[in-house]
Each structure stands twice: as C-alpha cells, then as structure tokens.
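Be aware that the sequence shown starts at 1, since it is given in this note's numbering, and climbs by one per residue.
Reviewing the structure listed below.
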Amino acid sequence: MLRLILPTSEYKNQIMEYREEFLRNGDVLHGTGGLEKAESFEAWYEKWKQMGDEKTVPEGLVPSTTFLAIDEDHQLVGMIDLRHRLNDVLLRHSGHIGYSVRKSRRRKGYATEMLRLALVEAGKLGIHKVLVTCDKENTGSARTIQKNGGILENEMADGEKVFQRYWIPLTF
Numbered sequence: 001m002l003r004l005i006l007p008t009s010e011y012k013n014q015i016m017e018y019r020e021e022f023l024r025n026g027d028v029l030h031g032t033g034g035l036e037k038a039e040s041f042e043a044w045y046e047k048w049k050q051m052g053d054e055k056t057v058p059e060g061l062v063p064s065t066t067f068l069a070i071d072e073d074h075q076l077v078g079m080i081d082l083r084h085r086l087n088d089v090l091l092r093h094s095g096h097i098g099y100s101v102r103k104s105r106r107r108k109g110y111a112t113e114m115l116r117l118a119l120v121e122a123g124k125l126g127i128h129k130v131l132v133t134c135d136k137e138n139t140g141s142a143r144t145i146q147k148n149g150g151i152l153e154n155e156m157a158d159g160e161k162v163f164q165r166y167w168i169p170l171t172f
C-alpha cells in the first residue's frame with residue numbers, strides 16, 4: 001500500500017539517496033521541491049517549510065506541498081509536489097502537480113497511485129480542476145494522467161520540446 005507523507009528527518013537519508021540516484025542517472029527530479037539544487041537535507045527541508053505557507057513563499061512562486069510516496073516497507077518510491085494555486089507560468093507550462101518515481105520502481109503503478117492520492121489532497125485545498133503536464137514523448141506519464149481522469153486540452157511547444165496539458169476535474 002502506497003501512502004503520501006510529509007517529509008521528516010526520519011527520511012533524510014532516503015531523500016538524499018533519491019536525489020543522488022536521479023542525478024547519477026541523468027534524470028530530472030520533477031515534483032521534489034527543488035531537491036536537485038539542495039546542498040543538504042537541512043537546506044532542502046527549510047525551503048520545503050517556506051514553500052508551504054503563503055506568508056513565506058518566495059516572491060514569484062506559489063505555495064506548494066511536496067510529499068514523499070512511501071511503500072509498505074517504509075521505502076521512498078517517489079515524490080510529488082502539489083501547488084496550491086497556479087500563476088501564469090504554471091498555467092502555461094507546469095500545472096498543479098509534478099512527480100517522479102525512482103527508476104527501479106517505475107512501471108509498477110506507483111505514479112498512478114501517487115497522482116490519485118495527490119488529487120485527494122488537491123480536493124482538500126478546494127481545488128476543483130487540476131492541471132497536470134508532461135512531455136509528449138513521456139507516454140508513461142501521459143497514461144498515468146489519463147488513468148486519473150486527465151483530459152488533454154492541448155499541446156504546446158517549449159523550444160524544441162512539446163508538452164501536453166491535461167485537466168483533471170475533481171468530483172469528490
């Protein structure tokens with residue numbers, strides 16, 4: 001059973017190992033609240049706390065909550081970031097939710113379940129319609145979004161890359 005939890009120092013080593021695994025593999029750390037730039041868990045955690053509050057979020061950004069996706073063995077499988085609202089940049093490109101799953105745990109349904117759980121959290125924030133985007137080439141992510149009710153609105157170019165914008169209506 002997968003669950004989303006808030007980060008704590010109990011998961012410090014797993015979070016930093018997650019970061020290193022992604023960097024070593026040359027993967028992008030989507031949905032990690034800037035973990036790729038963090039020099040330490042403590043620095044990342046301080047930023048995580050800032051991002052969760054409208055009063056302390058840095059100018060130009062929106063409040064967000066980054067969750068850890070933990071399996072039944074208390075192992076970090078993935079991370080998912082829920083933005084509490086959209087600004088112009090997020091509306092055009094990134095959306096409400098970003099996520100990643102460690103390479104060794106992909107293609108096992110974790111991303112689909114993580115997104116489902118994050119949609120429940122979005123509903124708790126009063127969000128009624130969630131925007132999620134993915135690179136057009138990332139068919140796995142597109143399937144994850146579609147399995148959670150995502151409806152393709154359009155495709156947009158960002159330089160040479162094309163990304164897809166999906167809206168997921170929340171009905172709970």
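Ideal placement from N, C-alpha and C gives every residue a C-beta, glycine not left out.
If you're wondering where the values come from, they're calculated on a predicted model, not measured in any experiment.
Asked, Found
"Taking T65 as the reference, which of E46, D71 and D158 has the closest Cα?", "E46"
"Closer than 8 Å is the cut-off here; do at least three beta carbon pairs connect the segment 91-107 with the segment 46-55?", "no"
"In terms of alpha-carbon separation, which member of G123, F163 and S9 lies closest to S40?", "S9"
"Tell me the DSSP secondary structure of N13 in three-state form.", "helix"
"Which residues does DSSP pair with W167 in a beta bridge?", "L131 and I151"
"Are there 16 or more other CB atoms within 10 angstroms of the CB of V132, so buried, or fewer, so exposed?", "buried"
"In its own chain, which residues sit with a C-beta less than 6 Å from the C-beta of W44, not counting the 5 before and 5 after it?", "L35 and A38"
"Sort out for me which residues DSSP pairs H28 with in a bridge.", "The sequence shown places Val at residue 28, rather than the His named in the question. Looking at the DSSP assignment, V28 forms no beta bridge with any residue, so it has no partner."
"Mind reading off the beta-carbon distance from L2 to E113? Whole number of angstroms is fine, and I expect it under 8 Å.", "5 Å"
"Could you check whether K136 and F163 sit closer than 8 Å to each other, using their CB atoms as the reference points?", "yes"
"What three-state label does DSSP hand R105 in the structure shown?", "helix"
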